[in-house]
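Residues 56 to 529 (my numbering) make up the sequence shown, in order. Note that the Cβ used here is the ideal one computed from N, Cα and C, for glycine as well.
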Amino acid sequence: MSDQGQLHPERGPGEPQASPRLTRRAKSITLRQGSEMESPGALMDAAHKSLADALRITFGLVQIGMVVLAALYVLSGFQSVKQNEQGIRLLFGKIDADGLEPGFQFSLPAPLGEMVKVSTGAESVDLDSEFWIRVLSSDKDKPIDSLPKLPKLNPESEGAVLTGDGNIAHTQWKASYRRVKPGEYATSIMPTDEAAIVRAAVQRGVVQAVSQTSIEDLLKQSASERASVAANARDVAQAILDRARSGIVIEQLILKDKMPPLYVRESFAKVQTAASNAGTEQDKARSEREQKLNKVAGAAAPALLELIRQYELQSEKNDQPAAEKVLATIYKLLDGEAVEVGGAAIATGSASGEVASLLGQARLYRSEIVNQRQSQLISYQAKLEQYKSNPLAMVNREWQEAITAMYGRENVQLMASPPGTRTLELLLNADPDILRELDILRKRKEAQDSAAERERKQQEAQHDVDRSLKMKPK
Numbered sequence: 056m057s058d059q060g061q062l063h064p065e066r067g068p069g070e071p072q073a074s075p076r077l078t079r080r081a082k083s084i085t086l087r088q089g090s091e092m093e094s095p096g097a098l099m100d101a102a103h104k105s106l107a108d109a110l111r112i113t114f115g116l117v118q119i120g121m122v123v124l125a126a127l128y129v130l131s132g133f134q135s136v137k138q139n140e141q142g143i144r145l146l147f148g149k150i151d152a153d154g155l156e157p158g159f160q161f162s163l164p165a166p167l168g169e170m171v172k173v174s175t176g177a178e179s180v181d182l183d184s185e186f187w188i189r190v191l192s193s194d195k196d197k198p199i200d201s202l203p204k205l206p207k208l209n210p211e212s213e214g215a216v217l218t219g220d221g222n223i224a225h226t227q228w229k230a231s232y233r234r235v236k237p238g239e240y241a242t243s244i245m246p247t248d249e250a251a252i253v254r255a256a257v258q259r260g261v262v263q264a265v266s267q268t269s270i271e272d273l274l275k276q277s278a279s280e281r282a283s284v285a286a287n288a289r290d291v292a293q294a295i296l297d298r299a300r301s302g303i304v305i306e307q308l309i310l311k312d313k314m315p316p317l318y319v320r321e322s323f324a325k326v327q328t329a330a331s332n333a334g335t336e337q338d339k340a341r342s343e344r345e346q347k348l349n350k351v352a353g354a355a356a357p358a359l360l361e362l363i364r365q366y367e368l369q370s371e372k373n374d375q376p377a378a379e380k381v382l383a384t385i386y387k388l389l390d391g392e393a394v395e396v397g398g399a400a401i402a403t404g405s406a407s408g409e410v411a412s413l414l415g416q417a418r419l420y421r422s423e424i425v426n427q428r429q430s431q432l433i434s435y436q437a438k439l440e441q442y443k444s445n446p447l448a449m450v451n452r453e454w455q456e457a458i459t460a461m462y463g464r465e466n467v468q469l470m471a472s473p474p475g476t477r478t479l480e481l482l483l484n485a486d487p488d489i490l491r492e493l494d495i496l497r498k499r500k501e502a503q504d505s506a507a508e509r510e511r512k513q514q515e516a517q518h519d520v521d522r523s524l525k526m527k528p529k
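And the structure:
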């Protein structure tokens, strides 16, 4: 069916029919007339309202984000300072506070501020080659004595120090230090230069300290001595670090090793050995002297020596009264009386040992001999009276007592002759029974004497121990 007679809504009467390819789609907008059409102003208000709501929501989200970011920014200023650390609070690049203790500390975040942490733990540097001989890598495992002993020193490759007496020595050191003032340290010291600065200060201190010490004192000193080379070197190095306001304190400087040049090392060793042996012998002699003095006079020995010295001095001056006065003091001291020597009071009974023993024996002998002589005098006087009254009876009695005493001796043997014997032949031979008894008595006496001697030595040894305990310094 043809549509030629139909009118196309988009073409007028008499207009040819358009090609299907040129056919246009119907319009999607329908224009209304009258009250049903909205005004352009109303449509714009709705659009503006939607846009305002969207902007308001976006602005709120931005505000929340800014608050969160600000809070995170502020919270980032709280940092943890660990143990063996101290913190430095910076504000606009300047130190606001230093020496902050371990724990949580606050600092304004960058770029307003910063928290710098400085380790306060112990650090160390070793000076093993600065003042030591050159050791090739192939010789590091060899003993020192096996290295070449050249009679010269190359200062370009070998280290050494000059002592106060013009000798050359080789030393090795170890320095232990801490950063005790973080503010000064952070201001004056770059961490990369720290070890080099400490090493240079120690080198200066070692050179200066060794230059004031002889090589003999250097080789026998140790770091534990208060006035040692190590202590002096530490003081010099610390003064250098303090002048540089480094905030570093050298806690310990140890002299690890020291020796003379290898070429003369053996000679120095012989000298040191001889000096050590001499010191040992001197100590041994002093100890033996103290023991002998203690054994002879006990606690009074030093005072007796001083009194004897004074007595000899006064005797050389021919000052007899002064010498007699000193001698009287010696007698008092030996008798156990309290005396005063050189302003020091010597207590009663200070004299002991062999002196006290000899004095005791002398007093006992004096008492015994006096009693014996008195007894003999009394006996003589009685016998004299008896002799005057009856001489023959007195002589017979004395003769009988003498014969009885002689027969009573242990080594006297009596032999009886049968009565009526005209010829008596004696074959003199000791009685074996008597000899056996005499031998038993002799051995018993030797055992008693030996026991008495042992007891005497034990008493002397106990006295020496008591004396040494009294002389021990408190």
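Task: Nearest-angstrom Cβ-Cβ length linking Lys313 and Thr226, presumed shorter than 8 Å - done: 5 Å
- [ ] With a 10 Å radius around its C-beta and 16 neighbouring C-beta atoms as the bar for buried, classify Gly302 as buried or exposed.
- [x] Classification of Gly302: buried, given that the 10 Å Cβ count is 16 or more.
Task: Exposed unless 16 or more other CB atoms sit within 10 angstroms - verdict on Ala406 - done: buried
TODO: Would you identify the three-state DSSP class for Met449, choosing helix, strand or coil?
DONE: helix
Open item on the list: Contact defined as beta carbons within less than 8 Å: I believe Leu388 pairs with Ala355. What is the distance between those atoms, to the nearest angstrom?
Closed with: 6 Å
Open item on the list: Taking a contact to mean a Cβ-Cβ separation below 8 Å, would you say Ser231 touches Ala177 in this structure?
Closed with: Yes.
Open item on the list: With distance defined between alpha-carbon atoms, name the residue in Met99, Leu202, Leu382 nearest to Val319.
Closed with: Leu202
Task: Leu359 to Arg341 span [Cα, whole Å] - done: 17 Å
- [ ] Could you pull out every unbroken beta strand (DSSP E) segment of at least 3 residues lying fully inside the segment 289-372, listed in chain order?
- [x] 303-314
TODO: Name the two residues that bound the continuous beta strand (DSSP E) containing Thr226.
DONE: It spans 223-234 - the beta strand (DSSP E) in which Thr226 sits, taken as one unbroken run.
Task: Proximity of Ser254 and Leu182 at Cβ, strictly below 8 Å - done: Per the sequence shown, residue 254 should be read as Arg rather than Ser. Cβ atoms of Arg254 and Leu182: closer than 8 Å.
Open item on the list: Given this structure, state the Cα-to-Cα distance separating Leu413 from Tyr420, to the nearest angstrom.
Closed with: Rounded to whole angstroms, Leu413 to Tyr420 spans 10 Å at the Cα level.
Task: Residues sharing a beta bridge with Gln180, DSSP - done: The amino acid at residue 180 is misidentified as Gln; the sequence shows Val. Within the DSSP bridge table, the entry for Val180 names Ala230 as partners.
Task: Beta-carbon spacing of Ile401, Ala393 below 8 Å - done: yes
Open item on the list: For Trp228 and Ala330, what's the separation of their Cα atoms in angstroms?
Closed with: 26 Å
Task: Opposing strand residues paired with Val396 [DSSP bridges] - done: Beta-bridge annotation (DSSP): Val396 is paired with Ala399.
Task: Gln397 versus Leu362, Ala378, Lys372, residue with shortest Cα-Cα distance - done: Looking at the sequence shown, residue 397 is not Gln but Gly. Among Leu362, Ala378, Lys372, the Cα nearest to that of Gly397 is on Leu362.
Open item on the list: Please report the distance separating the alpha-carbon of Leu381 from that of Gly404.
Closed with: Note on residue identity: the sequence assigns Val, not Leu, to residue 381. Their backbone Cα atoms lie some 18 Å apart in a straight line.
- [ ] Rounded to whole angstroms, what's the CA-CA distance from Gly353 to Glu345? Just pull it up for me.
- [x] 10 Å
- [ ] Give the straight-line distance between the Cα atoms of Asp304 and Val235, rounded to the nearest whole angstrom.
- [x] In the sequence on display, residue 304 carries Val and not Asp. Those two C-alpha atoms are separated by around 7 Å.
Open item on the list: Quick check on this structure: which residue in Arg491, Ala215, Val180, Tyr240 has the alpha carbon closest to the alpha carbon of Lys186?
Closed with: At residue 186 the sequence reads Phe, which differs from the Lys that was named. That would be Ala215, whose Cα lies nearest to the Cα of Phe186.
Task: Val291 to Pro166 span [Cα, whole Å] - done: 41 Å
- [ ] Could you tell me the distance, in whole angstroms, from the CA atom of Ile119 to the CA atom of Ile112?
- [x] 11 Å
Task: Residue closest to Asn466, alpha-carbon to alpha-carbon, out of Asp108, Gln258, Asp488 - done: Asp488
Open item on the list: Taking 7 Å as the limit between beta carbons, can you name the residues of its chain near Glu409, skipping five residues before and five after?
Closed with: Lys350, Val351
- [ ] Would you mind giving the Cβ-Cβ distance between Leu273 and Ala224, rounded to the nearest angstrom? I have them listed as a contact below 8 Å.
- [x] 6 Å
Task: Alpha-carbon to alpha-carbon, Arg364 and Ala377 - done: 13 Å
Task: Alpha-carbon spacing of Ser184 relative to Glu213, whole angstroms - done: 8 Å
- [ ] On a CA-only basis, which of Met470, Leu296, Val425, Leu308 is nearest Ser179? Give me that one, please.
- [x] Cα-wise, what sits closest to Ser179 is Leu308.
- [ ] Compare the Cα-Cα distances from Pro316 to each of Val261, Ile199, Gln513, Leu439 and report the closest residue.
- [x] Ile199
Open item on the list: Within a Cβ cutoff of 6 Å, which residues of the same chain sit near Ala256, ignoring the five residues on either side of it in sequence?
Closed with: For Ala256, where only same-chain residues beyond five positions count, the Cβ hits under 6 Å are Ala292, Ile295, Leu296.
Open item on the list: In the DSSP assignment, the alpha helix (DSSP H) including Val262 goes from what residue to what residue?
Closed with: 249-265
- [ ] Would you list the residues sitting across from Ser174 in a DSSP beta bridge?
- [x] Glu140
Open item on the list: Once DSSP output is grouped into helix, strand and coil, what is the label at Val381?
Closed with: helix
Task: Cα-Cα separation between Val284 and Glu239, rounded to whole angstroms - done: 28 Å
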